[in-house]
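Student:
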Amino acid sequence: MIQYDQDAFIEFDDGVLAWVDNDSGLMWEVKSKENIGFMYVWHKNKVDDIAESCKPELEPEIRDCTSYVERMNRELYAGFSDWRLPTKEELQSLINNNGEVRYIKDPLRYNTCPAYWSDSPTMVVNVYKVSGAEWKDTAYIPGVHIVDFVKPDTLRYEEH
């Protein structure tokens, strides 16, 4: 989740965290210990299609990306009401290349998963090699998409 027009790491007394990438000028949500383990489907009409084994990892009140962003805007997360999902290019701007190793910029580096939703339901930006596969900047998996945003060794898709 991103927001324009900020240039600092922000930590509020109420636990709201945000970080501004000085290279792009974009503000990014930083996950808290309360929401770091949740997964989200792309759209709310797909929630009922999720495998039972994955449902415990869904946030109880918000289970899709669109509703999550709507809540951030309603609650004025970090003081702003124009949060949105990033574009594929914006996600790629977070990737640092260090020789053959690719990783997400600090402070998000250890607060992320190897895949992230973009603003397109068919675009998932991958950063790390997954199961020995070569790194790809996009992936398309038809059906229901579930991406675990934080566990670096886990990327699951449930398709129905």
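Note that the UniProt record's numbering gives residue 111 to position 111 of the sequence shown, counting from 1, and the numbers run on in steps of one.
All residues carry an ideal CB built from backbone N, CA and C; glycine is no exception.
In whole angstroms, give me the CA-to-CA distance for Leu-85 and Val-69.
Tutor: The residue given as residue 85 occupies position 85 in the sequence shown. The residue given as residue 69 occupies position 69 in the sequence shown. Whole-angstrom Cα-Cα distance: 7 Å.
Student: Which residues does DSSP list as the beta-bridge partners of Trp-83?
Tutor: Along the sequence shown, read from residue 1 onward, the residue named residue 83 stands at position 83. Checking the DSSP bridge columns, you'll see Trp-83 has no partner listed.
Student: Out of Ser-24, Val-20, Glu-59, point me to the one whose CA is closest to Glu-89's CA.
Tutor: For this step, residue 89 is matched to residue 89 along the sequence shown. Cα-wise, what sits closest to Glu-89 is Ser-24.
Student: Can you name the residues that DSSP bridges to Asn-96?
Tutor: For the purposes of this step, residue 96 is taken as residue 96 along the sequence shown, with counting starting at 1. Tyr-103.
Student: Indicate whether Arg-63 and Val-30 have their beta-carbon atoms separated by less than 9 Å.
Tutor: Residue mapping note: residue 63 aligns to position 63 of the sequence shown, counting from 1. Residue mapping note: residue 30 aligns to position 30 of the sequence shown, counting from 1. Contact flag unset, no.
Student: Within 10 angstroms of its Cβ, does Leu-26 collect 16 or more other Cβ (buried), or is it exposed?
Tutor: As a position in the sequence shown, residue 26 is number 26, starting the count at 1. By the neighbour-count rule (16 or more Cβ atoms within 10 Å), Leu-26 is buried.
Student: With burial defined as no fewer than 16 other Cβ atoms inside 10 Å of the residue's Cβ, what is the status of Leu-76: buried or exposed?
Tutor: By one-based count along the sequence shown, residue 76 stands at place 76. Leu-76 comes out exposed.
Student: Using C-beta distances below 6 Å, list every residue in its chain close to Ser-131, excluding the 5 sequence neighbours before and after it, in chain order.
Tutor: Along the sequence shown, one-based indexing puts residue 131 at 131. Residue confidence is low: Ser-131 scores 33 on pLDDT, short of 50, so the model does not pin down where it sits. Its coordinate-derived value is still stated next. Exclusion of the five residues before and after Ser-131 leaves no residue of its chain whose Cβ lies closer than 6 Å to its Cβ.
Student: Just how far apart, CA to CA, sit Ala-139 and Leu-91?
Tutor: On the sequence shown, residue 139 is found 139 positions in, with the first residue counted as 1. On the sequence shown, residue 91 is found 91 positions in, with the first residue counted as 1. Confidence in Ala-139 is poor, its pLDDT being 37 and thus under 50, which makes the residue's placement too unreliable to answer from.
Student: In whole angstroms, give me the CA-to-CA distance for Met-39 and Phe-80.
Tutor: The sequence position of residue 39 within the sequence shown is 39, counting from 1. The sequence position of residue 80 within the sequence shown is 80, counting from 1. Whole-angstrom Cα-Cα distance: 23 Å.
Student: I need the boundaries of the beta strand (DSSP E) containing Leu-26, first residue and last residue.
Tutor: The count along the sequence shown starts at 1 and reaches residue 26 at position 26. Start and end: 26-29.
Student: Throw me the rounded Cβ distance for the Glu-59 and Asn-22 pair, which I believe falls under 8 Å.
Tutor: The count along the sequence shown starts at 1 and reaches residue 59 at position 59. The count along the sequence shown starts at 1 and reaches residue 22 at position 22. Their Cβ separation, rounded to whole angstroms, is 30 Å, which puts Glu-59 and Asn-22 out of contact at 8 Å.
Student: Rounding to the nearest angstrom, what Cα-Cα distance links Glu-61 and Ser-67 in this structure?
Tutor: As a working mapping, residue 61 is identified with position 61 in the sequence shown. As a working mapping, residue 67 is identified with position 67 in the sequence shown. The straight-line gap from Cα to Cα measures roughly 9 Å.
Student: What is the DSSP secondary structure of Leu-17, reduced to helix, strand or coil?
Tutor: In the sequence shown, counting from the first residue as 1, residue 17 sits at position 17. It is a strand residue.
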